[in-house]
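Peer 1: Here's a structure for you.
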Amino acid sequence: MTTVAVLGTGIMGAGMARNLVRAGFAVTVWNRNADRARPLAEDGAAVADSPGAAVAEAEVVLTMLFDAGAVDEVMAAALPAVRPDALWVQSSTVGVEATERYADLAGRHGLGFVDAPVLGTRQPAEQGTLTVLAAAAQAVRERVTPVLDAVGARTLWVGERPGDGHRLKLVANAWVLSITTATAQSIALAEQLGLDPARFLEVISGGPTDSAYAQLKGKNMITGELSPAFPLAGAVKDAGLILAAIRASGVDDRLMGAVHALLDAAAEAGHTDEDMAAVVHATRPGR
Ligand code: NAP
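For the sequence shown, the working numbering gives the first residue as 3, with consecutive numbering after it.
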C-alpha cells in the first residue's frame, strides 16, 4: 500500500486527504493547527504531531498549504526526515518562481517533484472531483498518477517543465477572479439602479454569457451566505501572483490590477476569512 503524507489539512487538504484514504492509500496528515487535522483520524488517517513525523514513512508527500511562505517553513521542517526515494507533489498555489525553486530543492534532496496545482474549491476537494494541472518528468508520472486520480476527476498533464502546471493555474485563476469580480459589479449596479439583483442572474441564465460560476457566486453575494469555499485571503494572494506573472510577461495589467484592488479592499474591510464572493462589499457604494 502506498503511503502518502498530506501536509496542510485546511479546506482543500482535508478533502484531498479523505479521498486518498477512500482510494486505499495509507495516509498520514499534519496541520499547524492540530484541531483541523484531528477529525481525519475518524476517516482512517494517522495524525502526526510534526511535519517530520508525517513524512518519515511516506512514499509521496503532498503539500496543500496557504502560500510559498508556509511551504518554505513546513518543508524546511519536513525535508530532513523525507525518504530519499519519495515524490513531492506540490499542490498549494504558490506561483511560478516558487515552483521552480521547489523543483530545485527537491532535486538537491534526490526527490521526484510534481508541480500539481488544482482547480476546484471546497466541494470538488471533498468529492474528489478536482482538476489537477500537472507538470513533471515522464519518469515520475506513472508513480504519481494513482495519487492524482484519487484527488481529482481529471489530471491535465501540461508539460514536463516544473512551473507549467502553475502557469496554467494562474491563467485559469485570472479568469475565475475576473468573472467573480465582474459578477459583483453587476449585482451592485443592479441594486443601485433599484432592481432586484436576482434579475441579472435570471437574464443571463441559459444564454451565451451565462456561467455556472457567476450563478453560484452571484447567489452567495445576494443572500450574503459567505462561508468560505474559496477564501478571500486566498483570492487576494492569487491575484498578487497573477499580477506578478502578467507584469513579467508584458501583458496589460490594468484589469487584474482592478480585480486585485477590489479583492484587497474587501479584505481590508474585514472579510478576509469569508468567501471571495465578499468582494461584492467592495463594489457597493460607501464601502
Ligand atoms: P485554508 O483552509 O486557509 O488552509 C490553508 C492551510 O495552510 C492550513 O492548513 C493552514 O494551517 C496552512 N498554513 C498557513 N500558513 C501556514 C504556516 N505559516 N505554516 C504552516 N501551515 C500554514 O486554505 P485552502 O483553501 O485549503 O487553500 C490551500 C491551498 O490551496 C492554497 O494555496 C490555495 O490557494 C489553494 N487552492 C484553494 C482553492 C479553494 O477554492 N479553496 C482552490 C484551489 C487551490 P492552519 O490551519 O494551522 O492555519
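C-beta atoms are modelled at their ideal positions from N, C-alpha and C, and glycine is treated no differently.
Using 8 angstroms for Cβ pairs, my map puts V98 next to H168. What's the rounded Cβ distance?
Peer 2: Yes, V98 and H168 are in contact; Cβ-Cβ is about 5 angstroms, under 8 angstroms.
Peer 1: According to DSSP, D117 sits in a beta bridge with which residue or residues?
Peer 2: For D117, which the question treats as bridged, DSSP gives the partners Q92, A137.
Peer 1: Let me check understanding here. Comparing Cα to Cα, which of I244, M66, E44, E144 lies closest to G15?
Peer 2: The residue with the shortest Cα to Cα distance from G15 is M66.
Peer 1: Please state the DSSP three-state secondary structure of T185.
Peer 2: In the structure shown, T185 sits in a helix (DSSP, three-state: H, G or I).
Peer 1: Is N175 near the ligand NAP, with its Cβ less than 6 angstroms from a heavy atom?
Peer 2: N175 Cβ: outside cutoff for every heavy atom of the ligand NAP.
Peer 1: Would you say the beta carbon of E75 is closer than 6 angstroms to some non-hydrogen atom of the ligand NAP?
Peer 2: E75: yes, Cβ under 6 angstroms from the ligand NAP.
Peer 1: Specify the secondary structure class of L265 as computed by DSSP and reduced to three states.
Peer 2: If DSSP states are grouped into helix, strand and coil, L265 belongs with the helices.
Peer 1: Answer with buried or exposed for L158, where buried requires no fewer than 16 other C-beta atoms within 10 angstroms of its C-beta.
Peer 2: Exposed, since its Cβ has fewer than 16 Cβ neighbours within 10 Å.
Peer 1: Should the segment 41-51 be called in touch with the segment 93-111, which here means at least 3 C-beta pairs below 8 angstroms?
Peer 2: Counting Cβ pairs under 8 angstroms, fewer than three are found: no touch.
Peer 1: Just curious, the alpha helix (DSSP H) that G236 is in, first and last residue?
Peer 2: First-last of the alpha helix (DSSP H) with G236: 234-251.
Peer 1: Across which residues does DSSP place V6 in a beta bridge pair?
Peer 2: Paired residues: V29, V62.
Peer 1: So does the segment 114-134 actually touch the segment 70-81, counting three or more Cβ pairs closer than 8 angstroms?
Peer 2: Contact fails: fewer than three Cβ-Cβ distances are below 8 angstroms.
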